[in-house]
């Protein structure tokens, strides 16, 4: 999480997902996320552990 409201429902998030093998930067508004809110997605080699 980069920056979010006090309850975490609205803000900018950085997601590193080993299952998707990508790093994503996106924002949520009132706890909802849609594909159009994806700001960046970078393929990445992520090793679990």
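Residue numbers (the numbering used here): 102 to 150. Heads up, the beta-carbon is just placed ideally off N, CA and C, and yes, glycines get one too.
To the nearest angstrom, how far is the alpha carbon of residue i from that of residue j?
i           : j           : result
residue 110 : residue 132 : 4 angstroms
residue 144 : residue 122 : 6 angstroms
residue 118 : residue 124 : 6 angstroms
residue 129 : residue 139 : 9 angstroms
Could you have a look at residue i and say whether DSSP puts it in helix, strand or coil?
i           : result
residue 118 : strand
residue 125 : strand
Could you pull the start and end residues of the beta strand (DSSP E) that residue i belongs to?
i           : result
residue 103 : Run containing residue 103: none; DSSP gives neither H nor E here.
residue 142 : 139-144
At a cut-off of 8 angstroms, would you count residue i as near the ligand SAM, judging by its Cβ distance to the nearest heavy atom?
i           : result
residue 117 : Among the ligands in the structure shown, none appear at all, so the ligand SAM cannot be discussed.
Below 8 angstroms on the Cβ atoms is my contact criterion, and I expect residue i with residue j to pass it. Report the Cβ-Cβ distance as a whole number of Å.
i           : j           : result
residue 126 : residue 141 : 4 angstroms
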